[in-house]
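These notes concern the structure reproduced below.
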Amino acid sequence: MRLTRYTDYAMRVLLYLARQPDRLCSIAEIARAYGVSQNHLMKVINDLVNAGWLTSARGRKGGIRLARPADQISLGAVIRHTEADFDLVGCSSCIIAPACGLTLALDEATQAFLAVLDRQTLADVLARRGDFLPLLRQPGDAA
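The sequence shown begins at 0 in numbering that gives the first Met the number 0 and counts up by one.
What follows is the structure in structure tokens.
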């Protein structure tokens, strides 16, 4: 299964904020850190705010942060929200689809994939490896 760039950006934002839970971060800061388009991140972040995973504060000292602790944010729930299609193969147009057992096997594989992600939280992911913040672009770094 290949996740979309949209989901990739959503996970990056959530991980960035989970690593810094005690402060508000700006969209520009996160975009710069990852070297990605601020416009793309704005769409993703608005969606995450509307879904209740992030909170935002407007104004000069505003920004975004996680709406709940990282150990309460399931990767599976986020990915189900950000991914529109979990079909591994486009079976609907296939002539043998009504009699094909592959569809059931692929559906089972997708459910197993999501079940693993349902058991994982942002906190679990952060605990597995070292701190990634030093790997990101810092203010003043060349683009």
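A virtual CB, placed ideally from N, CA and C, is assigned to each residue, including glycine.
Computed from a predicted model, the values in this text were never measured in an experiment.
Closest Cα partner of residue i within the set the options
i: Cys90; options: Ile78, Arg79, Leu103, Thr81; result: Leu103
i: Ser73; options: Cys93, Gly51, Ser92, Gly61; result: Gly51
i: Arg1; options: Arg127, Ala9, Leu116, Phe85; result: Phe85
i: Lys42; options: Val12, Lys60, Gly61, Arg22; result: Val12
i: Tyr143; options: Leu116, Gly62, Glu82; result: Missing from the structure shown is residue 143; the chain here goes from 0 to 142 and no further.
i: Ala114; options: Ile94, His80, Ala76; result: Ala76
i: Leu16; options: Thr3, Asn49, Gly62, His39; result: Gly62
i: Ile78; options: Leu47, Arg127, Ala98, Pro20; result: Leu47
i: Ala126; options: Arg4, Glu28, Leu14, Ile29; result: Leu14
i: His39; options: Arg128, Thr6, Asp21, Ile94; result: Thr6
Extent of the continuous beta strand (DSSP E) run through residue i
i: Thr54; result: 53-56
Under the three-state DSSP convention, the category residue i falls into
i: Thr3; result: coil
i: Arg64; result: strand
i: Arg11; result: helix
i: Ala27; result: helix
i: Ala50; result: coil
i: Val35; result: coil
i: Ala142; result: Low confidence applies here, because Ala142 scores a pLDDT of 49, under 50, leaving its location unreliable; read the following figure in that light. Looking at Ala142 - three-state DSSP - the assignment turns out to be coil, as it is neither helix nor strand.
Enclosing alpha helix (DSSP H) for residue i [first to last residue]
i: Asp117; result: 101-117
i: Val124; result: 121-127
i: Gln19; result: Gln19 -> no alpha helix (DSSP H), and no H or E assigned at all.
Contact with chain C by residue i, beta-carbon distance below 8 Å
i: Ala66; result: Absent from the structure is chain C; it holds one protein chain and no more.
Kindly provide the ranges of any alpha helix (DSSP H) runs that are 4 or more residues long and lie completely inside the stretch 68-96, ordered along the chain.
-> 74-81
At least three beta-carbon pairs within less than 8 Å, the stretch 103-118 to the stretch 30-46 = no
Cβ contact check for the stretch 53-61 and the stretch 106-124: 3 or more pairs under 8 Å = no
Decide if the stretch 114-130 is in contact with the stretch 67-75; the criterion is three or more beta carbon pairs, one per stretch, under 8 Å apart.
-> yes
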